[in-house]
Amino acid sequence: MFEVLHITDVHLLGEPSRRLFNVDTRASLEMVLADALTGSVPDALIVTGDIAQDGEEEVYCAFMEIVRRSYSGPVLCTPGNHDLLEPMQRAGVPMDGLRLGDWQLLALDSHADGELTAAVTDASVDACFVQIYAPHVLLCTHHPRLSVECPWIDGDRKINPQLHRCLAAPSSVRALIFGHLHQEVATRIGEASLYGTPATCFQSVPKSACFALDTTAPGYRQIHLHDDGTISTVVRRTAALPQPPRIGS
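Take the sequence shown: its letter number 238 is residue 268 in my numbering, and every next letter is one higher.
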């Protein structure tokens, strides 16, 4: 069995004094990592996008420095709609797939620089799935693949029929994990489980018609990849933020 730590939607800011919705995103990231790594060292860390709020290279460098102070194991990142690919690459953010025994961890890039909505093309699906060679696969991406009953989020989702067919059909893909929502979600497509994970910073209200901030604490997901191809997972929360998030801050 292997343990994977999933975090997402860090929204790290360039200036340490800046706040996003009244949240110190750097401090909240450090709080999540401290909580998740106390008494447990996962076999891999997956980060599903929106690492930097403004896509700055120095912010990606700062992110990796924060991570490496706490965790020295394998890391797999995929960009979100706030991220910019070239600065991520220049900063050395790891985006190549990982292998853990009979498990393969692969990233499916759903972002396009400067675009809010998902951009999963047939070519990107093919490029991802052609890499599959292991008996069991955990896919990671930024945008959710199904409706989460939040119109303001569902509008960011572009259905790719080919990806939907690949997930629905029997295959070695056991689960797809994602972010973007700033809330917890668990659902299925065919035999594949789909898991959305809370953000490391502020959260959004589930099933809300428009964007609304929740007071729920930052979170992360612990995933156990079993030798028989099954997955068990739990979402954990940190202590509450020192200052509650609020619009206009």
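Cβ coordinates follow ideal geometry from the N, Cα and C atoms, glycine included.
Quick one: what's got a C-beta closer than 8 angstroms to Leu243's C-beta in the same chain, skipping five residues either side? Mapped onto the sequence shown, residue 243 falls at position 213. Counting only Cβ-Cβ distances below 8 angstroms, and skipping sequence neighbours, we find Phe51, Phe232, Gln233, Ser234, Val235, Pro275, Arg276, Ile277.
Relative to the alpha-carbon of Leu176, which residue among Trp133, Thr147, Leu224, Ile96 has its alpha-carbon at the smallest distance? Start at 1 with the first residue of the sequence shown, and residue 176 comes out as number 146. Taking the Cα of Leu176 as reference, the smallest distance to any Cα among Trp133, Thr147, Leu224, Ile96 is reached at Leu224.
Taking the beta strand (DSSP E) that Glu33 falls in, what are its first and last residues? Numbered from its first residue, the sequence shown carries residue 33 at position 3. Glu33 -> beta strand (DSSP E) spans 32-37.
Please list, in chain order, all residues of the same chain as Asp65 whose beta carbon is under 6 angstroms from its beta carbon, the five residues on each side excluded. For the purposes of this step, residue 65 is identified with residue 35 of the sequence shown, where counting begins at 1. These residues qualify, in order along the chain: Thr268.
Distance check for Thr230 and Gly110, CA to CA, integer angstroms please. Along the sequence shown, read from residue 1 onward, the residue named residue 110 stands at position 80. Along the sequence shown, read from residue 1 onward, the residue named residue 230 stands at position 200. Going from the Cα of Gly110 to the Cα of Thr230 covers about 14 angstroms.
Within the segment 73-144, note down every full beta strand (DSSP E) run reaching 3 residues or more, in order along the chain. 74-77, 105-107, 128-130, 133-137
Only counting the same chain, and skipping five residues up and downstream in sequence, which positions put a Cβ closer than 8 angstroms to that of His194? Reading the sequence shown from its first residue, position 164 is the one you call residue 194. Cβ within range, chain order: Arg175, Ile219.
In the structure shown, what three-state DSSP assignment does Ala157 receive? Indexing the sequence shown from 1 puts residue 157 at position 127. Note: Ala157 maps to helix in three-state DSSP.
Enclosing beta strand (DSSP E) for Cys170 [first to last residue]: Locating residue 170 in the sequence shown gives position 140, counting from the first residue. Element bounds for Cys170: 166-170.
So the candidates are Glu88, Gln161, Arg204, Ala149; which of them puts its Cα closest to the Cα of Ala121? Here the question's residue 121 lines up with position 91 in the sequence shown. Checked all of Glu88, Gln161, Arg204, Ala149; the closest Cα to Ala121 is Glu88.
From the DSSP output, in three-state form, read off Thr55 for me. Translated into the one-based positions of the sequence shown, residue 55 becomes position 25. Looking at Thr55 - three-state DSSP - the assignment turns out to be helix.
Count the CB pairs spanning the segment 192-207 and the segment 95-114 that are closer than 8 angstroms, and state whether there are at least three. These segments do not touch.
Shortest alpha-carbon distance to His112 belongs to which of Cys240, His172, Val215? Position 82 of the sequence shown, counted from the first residue, corresponds to residue 112. Taking only the C-alpha atoms, the option nearest His112 is His172.
At the level of alpha carbons, what is the spacing between Gln273 and Val53? For this step, residue 273 is matched to residue 243 along the sequence shown. For this step, residue 53 is matched to residue 23 along the sequence shown. Cα to Cα, the separation comes out at about 7 angstroms.
I'd like the span of the beta strand (DSSP E) that includes Arg251, first residue to last. Mapped onto the sequence shown, residue 251 falls at position 221. Note, Arg251: beta strand (DSSP E), 249-255.
Output the distance between the C-alpha atoms of Cys158 and Gly249, rounded to the nearest integer angstrom. Position 128 of the sequence shown holds residue 158. Position 219 of the sequence shown holds residue 249. Going from the Cα of Cys158 to the Cα of Gly249 covers about 28 angstroms.
Give a yes or no on whether the C-beta atoms belonging to Leu211 and Leu130 are separated by under 8 angstroms. For the purposes of this step, residue 211 is identified with residue 181 of the sequence shown, where counting begins at 1. For the purposes of this step, residue 130 is identified with residue 100 of the sequence shown, where counting begins at 1. Taking 8 angstroms as the Cβ cut-off, Leu211 and Leu130 do not qualify as a contacting pair.
For Val105, which of Val71, Met61, Pro117, Gln83 has the nearest alpha-carbon? Against the sequence shown, residue 105 aligns to sequence position 75. Comparing Cα-Cα distances from Val105 to each of Val71, Met61, Pro117, Gln83, the minimum goes to Val71.
Within 8 angstroms, strictly: CB atoms of Ala222 and Ala205: In the sequence shown, residue 222 corresponds to position 192, counting from 1. In the sequence shown, residue 205 corresponds to position 175, counting from 1. Contact: yes.
Beta-carbon proximity list for Asp80, same chain, < 6 angstroms, skipping 5 on both sides: Sequence index remark: in the sequence shown, residue 80 carries index 50 (1-based). Asp39, His41, Gly110, His112, listed in sequence order.
Range covered by the beta strand (DSSP E) that runs through Leu197: Residue mapping note: residue 197 aligns to position 167 of the sequence shown, counting from 1. Element bounds for Leu197: not the beta strand (DSSP E) but the alpha helix (DSSP H), 191-198.
Cβ separation of Gly103 and Ala74, assumed to be a contact under 8 angstroms, to the nearest whole Å: Mapped onto the sequence shown, residue 103 falls at position 73. Mapped onto the sequence shown, residue 74 falls at position 44. With a Cβ gap of about 6 angstroms, Gly103 and Ala74 count as contacting.
Which same chain residues, not among the five before or five after Pro46, have their C-beta less than 7 angstroms away from its C-beta? Indexing the sequence shown from 1 puts residue 46 at position 16. Same-chain partners within the cutoff: Arg56.
Short of 6 angstroms in beta carbon distance, which residues of its chain neighbour Val239, apart from the five on each side in sequence? Order them along the chain. Indexing the sequence shown from 1 puts residue 239 at position 209. The amino acid at residue 239 is misidentified as Val; the sequence shows Ala. So the qualifying residues of the chain are Pro181.
Tyr90: buried (16+ other C-beta within 10 angstroms of its C-beta) or exposed? As a first step, residue 90 is located in the sequence shown; it is residue number 60 there, counting from the start. Buried, by the Cβ-count rule.
Run of the beta strand (DSSP E) containing Arg48, from where it starts to where it stops: Here residue 48 corresponds to residue number 18 of the sequence shown, with the count starting at 1. Where Arg48 is concerned, there is no enclosing beta strand (DSSP E), because DSSP gives it neither an H nor an E.
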